[in-house]
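Engineer: The sequence shown lines up with residues 1 to 150 when you count with full-length UniProt numbering. Beta carbons are placed, not taken as given, at the ideal position from N, Cα and C, and that holds for glycine.
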Amino acid sequence: MTQTKRSLARSAARLGAVQALYQQQMEGTKLAKLLDEFHQHRLGRVIEDDEYAEADVDFFDDVVAGVDARREEIDGLLTARLAQGWTLARLDKTMLQILRAGTYELLARQDVGKAVSISEYVDVAKAFFDDREAKFVNGILDAIAKEVGR
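1) For the structure I just gave you, are there three or more beta carbon pairs, one from the segment 75-88 and one from the segment 118-127, closer than 8 Å?
2) Just to confirm, is the Cβ distance from valine 64 to arginine 14 under 8 Å?
3) Would you call residue 187 buried or exposed, if buried means 16 or more other Cβ atoms sit within 10 Å of its Cβ?
4) Less than 7 Å between C-beta atoms, sequence neighbours within five positions excluded: which residues of the same chain meet that for asparagine 138?
5) Are the CB atoms of leucine 107 and leucine 96 within a distance shorter than 8 Å?
6) Enumerate, from N- to C-terminal direction, the unbroken alpha helix (DSSP H) stretches of 4 or more residues contained entirely within the UniProt domain "NusB/RsmB/TIM44" (12-146).
7) Answer yes or no: do arginine 132 and leucine 21 have a C-beta to C-beta separation smaller than 8 Å?
8) Arginine 6 by DSSP, collapsed to three states: which one?
9) Just to confirm, is the Cβ distance from phenylalanine 38 to glycine 66 under 8 Å?
10) To which residues of the same chain is isoleucine 144 closer than 6 Å at the C-beta, ignoring the five residues directly before and after it?
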């Protein structure tokens with residue numbers, strides 16, 4: 001797989017992971033069912049005339065399962081970065097999943113460069129929010145990267 005194709009597949013996997021984590025939070029979907037649903041019906045499919053890019057399924061699975069397994073640790077790192085008086089519950093639900101997925105990648109995916117991880121999740125944020133929120137994602141993930149030695 002060429003680097004560009006791999007990069008696009010991982011970008012699609014990251015976006016899919018954020019969507020899956022959002023669904024899990026909103027509906028309480030169990031991990032195995034969630035992964036299966038995304039494999040069968042979402043990743044690389046056409047939905048309501050939107051064609052989804054072919055995703056790196058293994059990367060998608062790792063991010064979703066990793067956030068699920070390490071949610072308490074990830075949420076602790078995120079909570080420590082929020083302004084005084086803010087809690088994770090006050091964050092937009094999509095924003096929270098972007099930050100969780102990005103934090104997991106910084107913690108567990110040493111094979112992905114810090115700058116690449118942060119940039120990719122800033123791009124995911126731009127798909128849902130304006131520049132102010134994208135800068136928020138950049139700031140939080142950069143601070144976490146420094147804390148975890150990346």
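Structural biologist: In short:
1) With the cut-off at 8 Å, the segment 75-88 and the segment 118-127 do not touch.
2) Within the sequence shown, numbered from 1, the residue matching residue 64 stands at position 64. Within the sequence shown, numbered from 1, the residue matching residue 14 stands at position 14. In this structure, arginine 14 does not lie closer than 8 Å to valine 64 by Cβ.
3) Given that the chain is displayed from residue 1 to residue 150, the structure contains no residue 187 and the question cannot be resolved.
4) By 1-based counting over the sequence shown, the position of residue 138 is 138. Here the set comprises Ile118, Val122.
5) Translated into positions along the sequence shown, residue 96 becomes position 96. Translated into positions along the sequence shown, residue 107 becomes position 107. No. Outside cutoff.
6) As far as the UniProt domain "NusB/RsmB/TIM44" (12-146) is concerned, its whole alpha helix (DSSP H) runs of at least 4 residues are 31-41, 57-69, 71-81, 93-108, 114-128.
7) The residue labelled residue 132 in the question sits at position 132 within the sequence shown. The residue labelled residue 21 in the question sits at position 21 within the sequence shown. The Cβ-Cβ distance between arginine 132 and leucine 21 does not fall below 8 Å.
8) If you number the sequence shown from 1, residue 6 lands on position 6. Helix at arginine 6.
9) Taking the sequence shown and counting its residues from 1, the one referred to as residue 38 is at position 38. Taking the sequence shown and counting its residues from 1, the one referred to as residue 66 is at position 66. Taking 8 Å as the cut-off, the beta carbon of phenylalanine 38 is found no closer than this to the beta carbon of glycine 66.
10) The count along the sequence shown starts at 1 and reaches residue 144 at position 144. Contacts found: Leu77, Thr103, Leu106.
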